[in-house]
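Chemist: Attaching a single structure in structure tokens format; questions to follow.
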Amino acid sequence: MIRLEAIHRDFQVGDQVVHALDDINLEISQGEYISVMGPSGSGKSTLLNLIGLLDHPTAGKYFLNDRNVTELDEEEESLTRNQQIGFVFQAFHLVPRLTAAQNIELPLILAGRNPEERAELVERALSAMHLQDRAHHRPEQLSGGQRQRVAIARATVTEPSVLLTDEPTGNLDQHSGLDVMQALEALNDRNITLIIVTHDEALGARSPRAIRMLDGRIESDSGS
Amino acid sequence: MRASDVLLFGWRALYGYRTRTVFMLIAMSIGVAAVMMLTALGEGAQRYVRNEFASLGTNLVIILPGRSETSGVGLGTIMGVTPRDLTLADAKALTQHPAVKRVAPINVGAAEASWQNRKREVTVLGSTNEILEVRHWRMERGKFLPKGDWDRASSVCVLGAKIRDELFGAHSAIGQWVRLGENRYRVIGVMASEGRSIGVDVEEVVIIPVASAQSLFNVPSLFRVLIEARSHTSIPRVIDFAKETIKQRHQGEEDITVVTQDAVLSTFDRILGALTYSIAGIAAISLAVAGILIMNVMLIAVSQRTSEIGLLKALGASRHTILLLILIEALLLSVVGGLLGLGIGQLGSWGLRAAIPELQAYPPNWAMLASVMVAVVTGVLFSLLPASKASRLDPVMALSRH
């Protein structure tokens, strides 16, 4: 489902070239649950951004559902992100002036869905995250855990095949963090591929497959 | 993305950042209202002048003694010849054309008017019965100057309403004898209060027969001769006739100046028109300033919403969609600001009309349309830079700036 072949990602920093990703080869099947771990600067977030089509490799090929997505133009890339990929960020990234329901509705608006369909899907996503009574609350009126659940609802409302999460519990207390992880794992149970980037060993230990990165390379992969 | 959703998104953004939106709307609407009110003033002034000229009379041709145009050093100048007088006989000769409906000779001077122990300086207008029709004046009471022989210097006068009030107060003026200079004139009528008309303040004038005025001021020449043509189309024929008649009577010298209402009016129109456009141009600068304000605020907004734009990209918004969203936001601002400005401009023009009723300051349709168009174009044009900047944001960098 996801196949990375000899991926390189270099950044020019002043006179120096930094190899953020160095010859990454990786295969992830549909419905897998993977954690990507490693110290800061090891390249795990860069890898997540590449898989999420937010960034482009300097060299190599990336196949998503057997399609070489490194060759997509900007419009096709945006469409793929909207329809096949969901993001959950450590900082939630909710639009502060919009309510929970309106935040969840955003990807559906961008997809051009009609208002009736949107209302139904938003209702379903709110219900799945047990947020029905928070639909008209703004992010500032929600707890950290509730905000992250709104973000998860938004990431999954278009029913993507891949859910990419970057330190999803990083800003949460233990109880809320556990709550969020259970919500994510419940989605994985519905055959959504779940990739979690984290520093947290305990969090990483929850996934059946763990990838460890160091200096832009895959140091170990429990799945290979 | 559906068109209705683009608008909805823009509306939510404007509503979400209300303070910013209100300030931008104020800037835009003040710009539009300024254009409307200033052009309303300009148009009002034009209309005022046009009405004033219309009150002069209809199809009017005015003859002045002497030539007003520069013709270089001619024989007359070298010989020290001054223009010939425009006489009452000249005026009579000007009646002899089928295209001429009426002729009214005019003489003007100042004299002291007195009745019993009341006195004041007045403008004395010497003319004939015809001037009443030519200038569209109305009588309040009594009769106007008698018809008939222009050479007859009868001792009668017609008073302006204010002169009558000041000299006679509560007394009846008709039939009383008023002294003008050394002569006495019997009051036969009082003019209606028509206010000020170009050239003559009807309320503050004493009208006597033209021959009486020539005698009173001891001047053989007329100040003006007013000719009313039978129709607008016959005015050129009347002008040719007047020039030719006077030339014949003045030994081949065309020593008069002929002025028509149209010519004077078109000159005023040109001046006031240029003034209106200049004022509108100055006001349009305020619109451009509003546009620059929108650009600056949008640039700040894009910078403040970097993370939001990054998020939208992560959720599937293309560069084109982001560009569209920012431009629609600016368009909505400009349209709402423009319409608000229209309202304020109408209200302001109404205020101007209430304060200066004679000006009739109605904003012209072209100014209303142009100001809103300029507001919209300026708003959108100046938002291209921030919109383009937003659309080119790198989503990874944008998301990291939370």
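As you go down the protein sequences, you meet chains A and B in turn.
So the first sequence is numbered by the working numbering: it starts at 1 and just counts up by one.
So the second sequence is numbered by the working numbering: it starts at 225 and just counts up by one.
Think of the CB as a built atom: it goes at the ideal place given N, C-alpha and C, for glycine as much as any other residue.
1. Based on the DSSP output, what are the partners of F87 of chain A in its beta bridges?
2. If you reduce the DSSP assignment to three classes, tell me which class K537 of chain B lands in.
3. Counting along the chain, where does the beta strand (DSSP E) carrying R344 of chain B start and finish?
4. Would you mind stating whether E526 of chain B and P610 of chain B have Cβ atoms separated by less than 8 Å?
5. Looking at the structure shown, is R226 of chain B part of a helix, part of a strand, or coil, going by DSSP?
6. Going by DSSP in three states, G304 of chain B sits in which element: helix, strand or coil?
7. Alpha carbons only, please: which of B:V346, B:A487, B:I451 is nearest the one belonging to V324 of chain B?
8. Would L10 of chain A count as contacting chain B if we go by Cβ distances under 8 Å?
9. Does the Cβ of V305 of chain B have 16 or more other Cβ atoms within 10 Å, making it buried, or fewer, making it exposed?
10. Please look up how many angstroms separate the CB atoms of I503 of chain B and T263 of chain B, rounded, as I've assumed it's under 8 Å.
11. T530 of chain B CB to nearest chain A CB: under 8 Å?
12. Is it the case that the CB of K537 of chain B approaches a heavy atom of the ligand MG more closely than 7 Å?
13. Looking only at its chain, what residues have a beta carbon closer than 8 Å to the beta carbon of N49 of chain A, apart from the 5 residues adjacent to it on each side?
14. Give a yes or no on whether the C-beta atoms belonging to E364 of chain B and V430 of chain B are separated by under 8 Å.
15. Just to confirm, is the Cβ distance from L318 of chain B to T481 of chain B under 8 Å?
16. Under the three-state reduction of DSSP, which class applies to P107 of chain A: helix, strand or coil?
17. Starting from the C-beta of V297 of chain B, find all residues in its chain whose C-beta is less than 7 Å away, skip the five residues before and the five after it, and write them out in chain order.
18. Taking 8 Å as the CB-CB limit, is V69 of chain A close to chain B?
19. Suppose you measure from the CA of K467 of chain B to the CA of A397 of chain B; what does that come to, to the nearest Å?
20. Since I believe A614 of chain B is in contact with I516 of chain B (beta carbons under 8 Å), could you give me their beta-carbon distance rounded to a whole number of angstroms?
21. On the premise that G268 of chain B lies in contact with S583 of chain B, defined as a C-beta separation below 8 Å, what is that separation, rounded to the nearest angstrom?
22. Measuring CA to CA, which of A:N25, A:F89, A:R97, A:V36 is closest to L203 of chain A?
23. Using DSSP with H/G/I as helix, E/B as strand and the rest coil, what is A323 of chain B?
24. What would DSSP say about Q584 of chain B, mapped onto helix, strand or coil?
25. Tell whether a beta-carbon distance below 8 Å holds between V285 of chain B and A453 of chain B.
26. Go ahead and label F447 of chain B buried or exposed: buried means 16 or more other beta carbons lie within 10 angstroms of its beta carbon, across all protein chains shown.
27. If contacts are defined as beta-carbon pairs under 8 Å, then Y33 of chain A and N188 of chain A qualify, I think. What distance do you get, rounded to the angstrom?
28. Should S42 of chain A be flagged as near chain B, meaning a C-beta pair shorter than 8 Å?
29. Run the CB neighbour count on H199 of chain A, radius 10 Å, all protein chains shown included, and call it buried at 16 or more, exposed below.
30. Could you tell me whether any Cβ in chain A is nearer than 8 Å to the Cβ of F247 of chain B?
31. Run through DSSP, which three-state label would M260 of chain B get?
32. For M248 of chain B, count the other beta carbons within 10 Å of its own beta carbon; 16 or more makes it buried, fewer makes it exposed. Which is it?
33. Are the Cβ atoms of L496 of chain B and V273 of chain B separated by less than 8 Å?
34. CB V150 of chain A to CB P168 of chain A, shorter than 8 Å?
35. According to DSSP, is K373 of chain B helix, strand or coil?
Modeler: Answer, in terms of the structure:
1. Looking up residue 87 of chain A in the first sequence gives position 87. DSSP output for F87 of chain A lists A:L164 as bridge partner(s).
2. Along the second sequence, read from residue 1 onward, the residue named residue 537 of chain B stands at position 313. Note: K537 of chain B maps to helix in three-state DSSP.
3. The residue you call residue 344 of chain B lines up with position 120 of the second sequence. Per DSSP, R344 of chain B belongs to the beta strand (DSSP E) from 342-351.
4. What you label residue 526 of chain B is simply residue 302 of the second sequence in a count that begins at 1. What you label residue 610 of chain B is simply residue 386 of the second sequence in a count that begins at 1. Strictly speaking, residue 526 of chain B in this sequence is Val, with Glu absent from that position. Yes, the Cβ-Cβ distance between V526 of chain B and P610 of chain B is below 8 Å.
5. The sequence position of residue 226 of chain B within the second sequence is 2, counting from 1. Correct three-state label for R226 of chain B: coil.
6. Locating residue 304 of chain B in the second sequence gives position 80, where the first residue counts as 1. Summary for G304 of chain B: the model assigns pLDDT 42, below 50, so the residue's position carries little reliability, and this model does not support an answer.
7. Locating residue 324 of chain B in the second sequence gives position 100, where the first residue counts as 1. That would be B:I451, whose Cα lies nearest to the Cα of V324 of chain B.
8. By one-based count along the first sequence, residue 10 of chain A stands at place 10. The sequence shown places Asp at residue 10 of chain A, not Leu. No, no contact with chain B.
9. In the second sequence, the residue the question calls residue 305 of chain B occupies position 81. Because V305 of chain B sits at a pLDDT of 47, beneath the cut-off of 50, its placement in the model cannot be relied upon, and the following sentence gives the value as read from the coordinates. That one is exposed.
10. The residue given as residue 503 of chain B occupies position 279 in the second sequence. The residue given as residue 263 of chain B occupies position 39 in the second sequence. Contact flag correct, Cβ pair sits at about 7 Å.
11. As a first step, residue 530 of chain B is located in the second sequence; it is residue number 306 there, counting from the start. No, T530 of chain B does not count as interfacial toward chain A.
12. This structure lacks the ligand MG, and indeed carries no ligand of any kind.
13. The residue you call residue 49 of chain A lines up with position 49 of the first sequence. Here the set comprises D55.
14. The sequence position of residue 364 of chain B within the second sequence is 140, counting from 1. The sequence position of residue 430 of chain B within the second sequence is 206, counting from 1. For E364 of chain B and V430 of chain B, no; Cβs fall outside 8 Å.
15. In the second sequence, counting from the first residue as 1, residue 318 of chain B sits at position 94. In the second sequence, counting from the first residue as 1, residue 481 of chain B sits at position 257. Taking 8 Å as the cut-off, the beta carbon of L318 of chain B is found no closer than this to the beta carbon of T481 of chain B.
16. Here residue 107 of chain A is taken as the residue at index 107 of the first sequence, counted from 1. The answer is helix: DSSP assigns P107 of chain A an H, G or I state.
17. Against the second sequence, residue 297 of chain B aligns to sequence position 73. With a pLDDT of 45 at V297 of chain B, under the threshold of 50, the predicted position of this residue should be treated as unreliable, though the coordinate-derived value follows. None.
18. On the first sequence, residue 69 of chain A is found 69 positions in, with the first residue counted as 1. Not closer than 8 Å to any Cβ of chain B, the Cβ of V69 of chain A fails to qualify, so no.
19. One-based indexing of the second sequence puts residue 467 of chain B at position 243. One-based indexing of the second sequence puts residue 397 of chain B at position 173. Whole-angstrom Cα-Cα distance: 42 Å.
20. Stepping through the second sequence from its first residue, residue 516 of chain B is reached at position 292. Stepping through the second sequence from its first residue, residue 614 of chain B is reached at position 390. In fact, because the Cβ distance is near 18 Å, the residues do not count as touching under 8 Å.
21. For this step, residue 583 of chain B is matched to residue 359 along the second sequence. For this step, residue 268 of chain B is matched to residue 44 along the second sequence. According to the sequence displayed, residue 583 of chain B carries Leu and not Ser. With a Cβ gap of about 4 Å, L583 of chain B and G268 of chain B count as contacting.
22. Here residue 203 of chain A refers to the residue found at position 203 of the first sequence. Relative to the Cα of L203 of chain A, the nearest Cα in the group A:N25, A:F89, A:R97, A:V36 belongs to A:V36.
23. Locating residue 323 of chain B in the second sequence gives position 99, counting from the first residue. Of the three classes helix, strand and coil, the one that applies to A323 of chain B here is coil, per DSSP.
24. Translated into the one-based positions of the second sequence, residue 584 of chain B becomes position 360. Coil at Q584 of chain B, not helix or strand.
25. Position 61 of the second sequence, counted from the first residue, corresponds to residue 285 of chain B. Position 229 of the second sequence, counted from the first residue, corresponds to residue 453 of chain B. Taking 8 Å as the Cβ cut-off, V285 of chain B and A453 of chain B qualify as a contacting pair.
26. In the second sequence, counting from the first residue as 1, residue 447 of chain B sits at position 223. Its Cβ being crowded by 16 or more others within 10 Å, F447 of chain B is buried.
27. By 1-based counting over the first sequence, the position of residue 33 of chain A is 33. By 1-based counting over the first sequence, the position of residue 188 of chain A is 188. Contact annotation, Y33 of chain A with N188 of chain A: C-beta distance approximately 5 Å; criterion of less than 8 Å satisfied.
28. Numbered from 1 along the first sequence, position 42 holds the residue referred to as residue 42 of chain A. Not an interface residue.
29. On the first sequence, position 199 is the one that residue 199 of chain A refers to. Answer is exposed; the Cβ neighbour count stays below 16.
30. Stepping through the second sequence from its first residue, residue 247 of chain B is reached at position 23. Not an interface residue.
31. Translated into the one-based positions of the second sequence, residue 260 of chain B becomes position 36. In this structure, M260 of chain B counts as helix in the three-state DSSP scheme.
32. Looking up residue 248 of chain B in the second sequence gives position 24. Buried, because 16 or more other Cβ atoms sit within 10 Å of the Cβ of M248 of chain B.
33. Translated into positions along the second sequence, residue 496 of chain B becomes position 272. Translated into positions along the second sequence, residue 273 of chain B becomes position 49. Yes, the pair counts as a contact, with Cβ atoms nearer than the cut-off.
34. The residue labelled residue 150 of chain A in the question sits at position 150 within the first sequence. The residue labelled residue 168 of chain A in the question sits at position 168 within the first sequence. It is not a contact, given that the beta carbons lie outside the stated cut-off.
35. By 1-based counting over the second sequence, the position of residue 373 of chain B is 149. Residue identity differs from the one stated: residue 373 of chain B is Asp in this sequence, not Lys. Residue state, collapsed to three classes: coil.
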